[in-house]
Structures are given as structure tokens and as C-alpha cells.
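All remarks here apply to the structure that follows.
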Amino acid sequence: MRGTGGAEPSAKRTERHDVGAERHILILGGTTEARRLAGELDALPGLRVTTSLAGRVAQPRLPAGEVRIGGFGGPEGLARWLREQQVDALIDATHPFAGTISFNAAEAAAEVHVPLLAVRRPGWVAGPGDDWHDVGSLDEAAEALPALGERVFLTTGRMGLAAFAHLGRLWFLVRSVDAPEPPAPPRMEVVLDRGPFTVEAERELIRRHRIDVLVTKDSGAAATAAKLTAAREAGIPVVVVRRPPTPEGVPTAADPAEAREWLDRQFRNA
Numbered sequence: 000m001r002g003t004g005g006a007e008p009s010a011k012r013t014e015r016h017d018v019g020a021e022r023h024i025l026i027l028g029g030t031t032e033a034r035r036l037a038g039e040l041d042a043l044p045g046l047r048v049t050t051s052l053a054g055r056v057a058q059p060r061l062p063a064g065e066v067r068i069g070g071f072g073g074p075e076g077l078a079r080w081l082r083e084q085q086v087d088a089l090i091d092a093t094h095p096f097a098g099t100i101s102f103n104a105a106e107a108a109a110e111v112h113v114p115l116l117a118v119r120r121p122g123w124v125a126g127p128g129d130d131w132h133d134v135g136s137l138d139e140a141a142e143a144l145p146a147l148g149e150r151v152f153l154t155t156g157r158m159g160l161a162a163f164a165h166l167g168r169l170w171f172l173v174r175s176v177d178a179p180e181p182p183a184p185p186r187m188e189v190v191l192d193r194g195p196f197t198v199e200a201e202r203e204l205i206r207r208h209r210i211d212v213l214v215t216k217d218s219g220a221a222a223t224a225a226k227l228t229a230a231r232e233a234g235i236p237v238v239v240v241r242r243p244p245t246p247e248g249v250p251t252a253a254d255p256a257e258a259r260e261w262l263d264r265q266f267r268n269a
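Counting from 0, one number per residue, gives the positions in the sequence shown under numbering that gives the first Met the number 0.
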């Protein structure tokens, strides 16, 4: 059963959980891995699966199971939700650049004594022929750009455009799921699209717009990796923003299969 916003799950679900008939799993989602995991777990008997989405995308792809949209109000609000909804396990399957929510999850899980797992897809690795320039932030990426090119393919999402707004000499092709808002670069064309993308399509974008430098976050996964292959083929540099730090001491899984194994161990030992 689906819910939106802060809506509470159905009374039937809660009653069954209260008598121990179900294990309640909360997935902090928004990624392909989170949707896959929710679909796999929701198909299993004895599990109640809720996925929480941040609500930053106007029309998100909804996973199987129950869905809530919106923030929790910091670690205190998340801890309260975990208690009230009798959550048995918390899985942080947010985007590698989600940042704050991962630390909130670690703090809330520790307070409520709910086991926590972080699903972290492997990052990209440069190969032969790649011309990658690693930076620590969007601001550092903007600082590096003028020396690398004049026509930029910017694939870091709509939330960080302010870091590039002062680069009036450069031209930007900006791709995002939803339309960006100012501040933004003055010379800019926007492409609204959502992955997965093909190498052929990325190759054509680079050729048609005469792109001479690509900017991306190290998101990992195959859905958006085609642009890296296209950039290598075109012989253009790629500015790669490194991932932010993650909470220490939180066990990790590389994919939904490892997450399911972790859940099995948690419930077997409970």
C-alpha cells in the first residue's frame, strides 16, 4: 500500500506488525538500488517495506511497498519515526552525494538501537585513455573549468548550479531531471532527461554541442556511465567530483543482493 507525504501507514499494517507478524524495513531511497531492493523485499512474506524519498524530484519513480515523501526533521525526527513505526531495520540506499541524511540515519539508528546498513554502489575508476581531473567539490570543479575548456557538459544535477553562475565566459549544457532554478550560468542550455543513457546518445550530445569538457559527480553505477565512455572517445577531459565522507562504523553493502544477506543475518540472530 502506498502513502505520500507524512501520511501514516494503514491500520491493518500497523496492527499486524504490533503482534510480531511482520518485520518493518525502512529504506531511505531515491536510487536504482533502493527501488530494486524494495521490490525484492516487498515480494517476501512477513516483511513490511517502507521507502522514504526526499521529495526533490517532481515525479519520482516510486518503488514497491509503502512510500513516504519528505524529510523527517533531522536525526531526532527520524529516531521518533523509527520508534513510532516499530522499524526493525534501517537501510540507507540514498545517492552517494545525499550527504546529510546518511549522518542523520547513523545518529538516529544508534539512538533507537535499530540496525543500520548503507548500500553504497562502487565508484567509477579511470581507465586507459581517460583524462580525469579529481576535485573535492563543485566549487573546485568550477575553479578548474576555465583551464580545461569553454563548452561544458554539466551533469551534476540542478541543485549545485550556483557554483558555476560566475563563469560567464563559458557555455554550459546542463542536464537534469527537473528544470533548474537560478542562480545559474548566464550562457546555458538545459536538457531535461533521466537515465539510463546510451553511449550512442551521449556521443551525439557531445558532438552536436561541440562539448570540450565534461563535469560529473562520482555517482557510480552503469545508468549514467555512458558519458564517460563518450568523453574518452572524444578525447575530452572529465572533471570528477569526489564523494563526500560517510559515517564511520556503519556496515556497507555494494548492491541489493548483499543487503538482503545482511537482513537475513540480522533477523536470524534476533
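Just so you know, even glycine gets a beta-carbon here, dropped at the ideal spot from N, CA and C.
So is V214 in contact with chain C if we call contact Cβ pairs under 7 Å?
The displayed structure is made up of one protein chain only, and chain C is not part of it.
Run through the DSSP bridge pairs and tell me what F171 is partnered with.
V151, M187
Between which two residues does the beta strand (DSSP E) harbouring T31 extend?
Run containing T31: none in the beta strand (DSSP E); it sits in the alpha helix (DSSP H), 31-41.
Quick check on A235: does DSSP put it in helix, strand or coil?
The question names Ala, but residue 235 is Ile in the sequence shown. Three-state DSSP puts I235 in coil, outside helix and strand.
Using a Cβ-Cβ cut-off of 6 Å (strictly less than) and excluding sequence neighbours within five positions of A230, which residues of its own chain qualify?
L213, V237
Which partner residues does K226 have in the DSSP bridge list?
Its beta-bridge partners do not exist; DSSP assigns none.
Figure out for me which residue from P95, G38, T223, I210 has the closest Cα to the Cα of I192.
Per the sequence presented here, residue 192 reads as Asp, with Ile not at that position. Residue T223 is the option with its Cα nearest to D192.
Could you name the residues of the same chain whose beta carbon sits closer than 7 Å to that of L40, not counting the 5 residues immediately before and after it, in chain order?
I24, L46, V48
Within a Cβ cutoff of 6 Å, which residues of the same chain sit near L160, ignoring the five residues on either side of it in sequence?
The residues are P179, A183.
Using DSSP's beta-bridge definition, name the partner residues of H23.
H23 pairs with R47.
Exposed or buried, which one is T99 when buried takes at least 16 other CB atoms within 10 Å?
exposed
By Cβ distance, which residues of its chain are closer than 6 Å to E110, with the 5 residues on each side in sequence left out?
A78
Please classify L147 as buried or exposed, where buried requires at least 16 other C-beta atoms within 10 Å of its C-beta.
Residue burial is scored here from C-beta neighbours: L147 has at least 16 other C-beta atoms within 10 angstroms and is therefore classed as buried.
May I ask which residues mark the beginning and end of the alpha helix (DSSP H) holding R206?
198-207
Between the alpha carbons of P243 and F266, how many angstroms are there, rounded?
31 Å
Tell me which residue opens and which closes the alpha helix (DSSP H) that T99 is part of.
Where T99 is concerned, the enclosing alpha helix (DSSP H) stretches over 99-111.
Taking just the CA atoms, how far does A256 sit from R206?
38 Å
Using only the alpha-carbon positions, how far apart do L52 and G69 sit?
When rounded, the distance between both Cα atoms is 6 Å.
In angstroms with no decimal places, state the Cα-to-Cα distance between R209 and A225.
17 Å
Quick test of the definition: if touching needs 3 or more C-beta pairs under 8 Å, does the segment 101-119 touch the segment 165-179?
no
Within this structure, are the beta carbons of R120 and G219 separated by less than 7 Å?
Yes. Within cutoff.
Determine the burial state of E201: buried for a count of at least 16 other Cβ atoms within 10 Å of its Cβ, exposed for fewer.
buried
Looking only at C-alpha atoms, which of P250, V198, G128, A105 sits nearest to G234?
Taking only the C-alpha atoms, the option nearest G234 is G128.
I'd like to know whether the C-beta atoms of V240 and A140 end up nearer to each other than 7 Å.
yes
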